[in-house]
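Read top to bottom, the protein sequences are chains C, X and Z.
Take the first sequence: its position 96, counted from the start at 1, is 127 in this note's numbering, and no numbers get skipped.
Take the second sequence: its position 28, counted from the start at 1, is 1398 in this note's numbering, and no numbers get skipped.
Take the third sequence: its position 222, counted from the start at 1, is 1040 in this note's numbering, and no numbers get skipped.
Have a look at the structure below before the remarks.
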Amino acid sequence: MHRLKWLNSLNKVSLFLAGSVLLFMLFLTVFNTLSTFLGYPVKGAFELLGFCGAILSGLALGPTQAQDGHIRVTLLDGFWGKGTGKFLQALSLLLALVFFAVLGIKLLELARSLYEFEELSQTLNIIFYPFVLIVGVGVFLLVLNLGAQFLICLRGKE
Amino acid sequence: MSLFSIGLWGIVLLLLVIFVLRLPVGFAMAIIGYLGFGLVVNFKAASSMLADECWKVFSSYGLTVIPLFILMGQICFYAGVNRRLYDTAYKWLGQVKGGLVHATILACAGFSAICGSNTATAATMSTVALPEMKKFNYDPLLSTASVAVGATLGVVIPPSVVLIIIGLQTGQSIAVLFWASFFPGILLTLIFMLATFILCWLKPELAPCGSKVSWKEKFKSLRGSVEMVVLFALVMTGLLAGFFTPSQAGGVGAFIALLIALLRKRLSWEGFKRSVEDTLKVSSMIMVILLGAIIFGRFLAITRLPYELAQFVAGLKLSGGMIMFFIALIYILGGAVMDALALLIITIPIFFPLATSLGYSPVWFAVFITVVTTLGAVTPPVGINTFIVASMAKEVPMTRIFKGIFLFIPCYLLLILLLIWFPELALLGEKLVLVR
Amino acid sequence: AGPIKLSYANFPPASTFPCVQMERYKQEVEKRTKGKVIIETYPGSTLLGAKNMFRGVIAGQADIGCLVMSYQPGVFPLTTVAELPVGFKSAKVASLVLWDIFQKYQPQEFAKVKVLTMFTSAPSNLMTKSPVKGLSDLKGMTVRASGAAGKIVEILGGSPVALPMSETPEAIQKGVAKGLLTSFEVLKDLNFAAYLPYGTQTDFQVYPFAVVMNKDKWESLPADVKKVLEDLGREQALWTGKYMDEHIKEALDYARSKYNFQIFTLPAEEQKMVQDKLQVLIESWKQRAKDKGLPAEQILEDVYKLKAKYEAMGY
Ligand code: NA
Ligand code: NA
Chain C
32 MHRLKWLNSL NKVSLFLAGS VLLFMLFLTV FNTLSTFLGY PVKGAFELLG FCGAILSGLA
92 LGPTQAQDGH IRVTLLDGFW GKGTGKFLQA LSLLLALVFF AVLGIKLLEL ARSLYEFEEL
152 SQTLNIIFYP FVLIVGVGVF LLVLNLGAQF LICLRGKE
Chain X
1371 MSLFSIGLWG IVLLLLVIFV LRLPVGFAMA IIGYLGFGLV VNFKAASSML ADECWKVFSS
1431 YGLTVIPLFI LMGQICFYAG VNRRLYDTAY KWLGQVKGGL VHATILACAG FSAICGSNTA
1491 TAATMSTVAL PEMKKFNYDP LLSTASVAVG ATLGVVIPPS VVLIIIGLQT GQSIAVLFWA
1551 SFFPGILLTL IFMLATFILC WLKPELAPCG SKVSWKEKFK SLRGSVEMVV LFALVMTGLL
1611 AGFFTPSQAG GVGAFIALLI ALLRKRLSWE GFKRSVEDTL KVSSMIMVIL LGAIIFGRFL
1671 AITRLPYELA QFVAGLKLSG GMIMFFIALI YILGGAVMDA LALLIITIPI FFPLATSLGY
1731 SPVWFAVFIT VVTTLGAVTP PVGINTFIVA SMAKEVPMTR IFKGIFLFIP CYLLLILLLI
1791 WFPELALLGE KLVLVR
Chain Z
819 AGPIKLSYAN FPPASTFPCV QMERYKQEVE KRTKGKVIIE TYPGSTLLGA KNMFRGVIAG
879 QADIGCLVMS YQPGVFPLTT VAELPVGFKS AKVASLVLWD IFQKYQPQEF AKVKVLTMFT
939 SAPSNLMTKS PVKGLSDLKG MTVRASGAAG KIVEILGGSP VALPMSETPE AIQKGVAKGL
999 LTSFEVLKDL NFAAYLPYGT QTDFQVYPFA VVMNKDKWES LPADVKKVLE DLGREQALWT
1059 GKYMDEHIKE ALDYARSKYN FQIFTLPAEE QKMVQDKLQV LIESWKQRAK DKGLPAEQIL
1119 EDVYKLKAKY EAMGY
């Protein structure tokens, strides 16, 4: 966990929202299964579930990284000296940070282009760029977490 | 530089980044895939590909199956289903020689029938089974190994995250894959028990007897396993009969699990919150790996490396069996040094077309690599299940746990051989689904 | 300098008709420019997928891309006129009408790219487990149909499910879906004839496709190459329509001879009823087009006029 309080709070909020979306997906799936069985499938349920899944995945990115939840191969961990190990870790965090910053910017651009094209979703015919926007925000929360871990890693080196 | 060699360098670089920089596997695949794609096409194209793929993967309806199935397993865990499963198995088998090991393996198999991941099965079963075996002075060599290998049933017995991912990556029906691995999963359970029997016969000091249990108590304990049977029957017959899609099966399963837990007052608010939180973290991790694999796959596809590799191997004129042998070897060696699921996701785009071009049934191949992959979860030096069990049994040295695991490795090899000799084992379930 | 290399992205698998026309296009362009231009084709979404084709070509991810207007509702208010249930009976007529409409109106929606050609799928028809000889047979039937086809099923009293195509064969086998609404070539290409022995000739709507090129790339081409590509536009539309219609014929022959596939037509009075019911789709297109400032009435009138003209020519 980070020592940054505000980032921890952000992670908590993000996780809470993602959890709410997960429960909504659970109930929507059950409801849709039942109503399909009775011959009245919920219109656009699959599409809506897909959008919910996107929000869930996006918002859970940062909190998961905060707890080192993205699996890594730590086989060679003891192989390097402390200094080299720290350096490699900082480098890897920086690489990830830059990459996800690019991804985040590109997601915002995608949302903008969907907005400009006035593109509607396939089944429900609703605007859906806000969902893309939320995923982008989730990616930026991941970037913040990576940044915090990078700083902590640098400070630990002193 | 030719496209082919760029592809090869990409793979080398990927391994370096994974092992040396220790980047999370999903991040590493995404980053190398992005850089490679940018190098071959251009970076403008690569950047817009990133966002498009991210949105497409995250918003795919097919992938909502992952959080829903994980939620089902987590709710069951926090509601204590695994504890009750163990209790049943223990009451029935406890007093025979090595009975607690048999009970552990059976309880693992039972929990695997409602939980799709072997790490979750390992984490949950070690909290229940290890203290019990310690109480009865079982040799840690046997107790820790039995939990670690028993938990690998998590992905062989359906539901299974590995089969879901193979299904999604290769466009196969998840229902068919689930049913196809059903019999091999049962068979592996029986082989584990046979191995336990032989071990205890050879070395009786490994496993003393537990206490005697009356028949009345035995039957009473069966009630504790009803939930698991109900959930498994519901999910698997629902899939078989085509009542619902895999995602719906996961959703309905999670919902019923929640309902049972609440009605029987077994899930606390805290437990519920933690099951949701765990689900989010595990699915986020899997989604990132999938995203990374897809981006890396886009890079590989554009270098045509998988295609040319398949051509090359086909040109070697080796027998199909030889090639399967090499593929199994790569998975076993690769599974030894890295996380098995990540290895699987990286290699599927390369090996899957190869296997099908050799005439192997896609369903059979999926089951085959699932078994080989799950073996990788216990083998040293990187065996995620072993690590989990070791973290729960801190007093047992790692080397001793791995030593115990070696006693069980022949079980997997036996199942792999059986699968090669009798492919029907994996095709039986497929027929069951298609007959309808 | 070496030849000009152009990348051409397509989304469906290589065996499908949009990719067949792509390979033909490649051959013709390479032949007619005498090797001055080389086209590298990327079928099966290897370079760009269906939904990011348009953005991808604008961004330069691929030089050329083949897209379906129906996959991005709202983005192509004008050319989606071709996906209305106006009763196209062949892909050839529909493709030529689409091309002519595009040429006449030069819609704003394609302003960011150079359009090389346009064509359509064949008309969509019902394929079912039990015979659909009238609208009453369709009542409550679960039919796999997505987008505009889904709306049609809904309006006519069926219950559409928008399953992904990958899950469709299984859903059909298990009876989760009792039918399909799409063009007939899937009978052979995906072997649906084995499970769906009945067809109903409804000729509801077609899916419009556009082959577009990155604008900067287009500007960078020498004049003679531009000329070759310009000349090929209409010809390619016609070729693809013709190919599609012949392919449908083959699929039907296959289904008839191998699985004894039977085709019904709705009674005349019901056909009229269907037309009336589907009028809402046309009205809602008109509304959307008008909202975006397009001369909707006139465009529709032109569609009917062109359709009549090409049908009279025996296309
Ligand atoms: Na399982
Ligand atoms: Na391993």
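Beta carbons are placed, not taken as given, at the ideal position from N, Cα and C, and that holds for glycine.
None of these values were measured; they are calculated from a predicted model.
Per DSSP, what kind of secondary structure is residue i in: helix, strand or coil?
i	result
Thr1649 of chain X	helix
Val1546 of chain X	helix
Met959 of chain Z	coil
Met32 of chain C	Reliability fails at Met32 of chain C, whose pLDDT of 46 lies under 50, so the model's placement of it is uncertain and the value that follows must be treated cautiously. Three-state result, Met32 of chain C: coil.
Gln1023 of chain Z	coil
Leu866 of chain Z	coil
Pro1394 of chain X	coil
Leu885 of chain Z	strand
Ala1477 of chain X	helix
Gln879 of chain Z	coil
Met1371 of chain X	coil
Phe1082 of chain Z	strand
Gly905 of chain Z	coil
Ile1436 of chain X	helix
Ile102 of chain C	coil
Gly1132 of chain Z	coil
Leu896 of chain Z	coil
Leu1686 of chain X	coil
Ile183 of chain C	helix
Ile1484 of chain X	coil
Leu1008 of chain Z	coil
Trp1379 of chain X	helix
Could you round the C-beta distance between residue i and residue j to whole angstroms and report it? I think they count as a contact, below 8 Å.
i	j	result
Val1622 of chain X	Thr64 of chain C	6 Å
Glu1423 of chain X	Ile1665 of chain X	6 Å
Ala1415 of chain X	Gln879 of chain Z	4 Å
Asn42 of chain C	Gly93 of chain C	6 Å
Thr897 of chain Z	Leu916 of chain Z	7 Å
Ala1545 of chain X	Pro1616 of chain X	7 Å
At least one CB of chain C closer than 8 Å to the CB of residue i: is that the case?
i	result
Gln1618 of chain X	yes
Ser964 of chain Z	yes
Arg1806 of chain X	Model confidence at Arg1806 of chain X stands at a pLDDT of 48, short of 50, so the residue's coordinates are unreliable and nothing is read from them.
Val979 of chain Z	yes
Gln991 of chain Z	no
Gly1111 of chain Z	no
Gly1541 of chain X	no
Arg842 of chain Z	no
Hey, does residue i have any beta-carbon neighbour from chain X nearer than 8 Å?
i	result
Thr864 of chain Z	yes
Thr64 of chain C	yes
Ala877 of chain Z	yes
Ser40 of chain C	no
Under a CB-based cut-off of 8 Å, is residue i close to chain Z?
i	result
Gly70 of chain C	yes
Lys1801 of chain X	no
Gly1377 of chain X	no
Gly1612 of chain X	yes
Ser1418 of chain X	yes
Pull up the DSSP beta-bridge partners for residue i, would you.
i	result
Met936 of chain Z	Z:Ala1028
Pro806 of chain Z	Lying outside 819 to 1133, the shown extent of chain Z, residue 806 of chain Z is not represented and no answer is given.
Leu824 of chain Z	Z:Ile857
Met1419 of chain X	In the DSSP output, where bridge partners are listed per residue, Met1419 of chain X has none listed.
Val931 of chain Z	Z:Asn1032
Ile1535 of chain X	According to DSSP, Ile1535 of chain X bridges with nothing at all.
Gly997 of chain Z	Z:Thr946, Z:Val961
Tyr1016 of chain Z	Z:Thr946, Z:Gln1080
I want to see whether chain A comes within less than 8 Å of residue i, judged by CB atoms only; does it?
i	result
Ala85 of chain C	The structure shown contains no chain A; its protein chains are C, X and Z.
For residue i, verify whether its CB is less than 7 Å away from any heavy atom of ligand 3.
i	result
Val1525 of chain X	Inclusion of ligand 3 in the displayed structure is not the case, the ligand content consisting of ligand 1 and ligand 2 alone.
Per the contact definition of three or more C-beta pairs closer than 8 Å, is the stretch 1009 to 1021 of chain Z in contact with the stretch 1081 to 1091 of chain Z? yes
Between the stretch 952 to 963 of chain Z and the stretch 897 to 912 of chain Z, do at least 3 Cβ pairs fall closer than 8 Å? No, because fewer than three Cβ pairs between the stretch 952 to 963 of chain Z and the stretch 897 to 912 of chain Z fall closer than 8 Å, the two stretches do not touch.
Is the stretch 1049 to 1067 of chain Z touching the stretch 990 to 1008 of chain Z, taking contact as three or more C-beta pairs under 8 Å? yes
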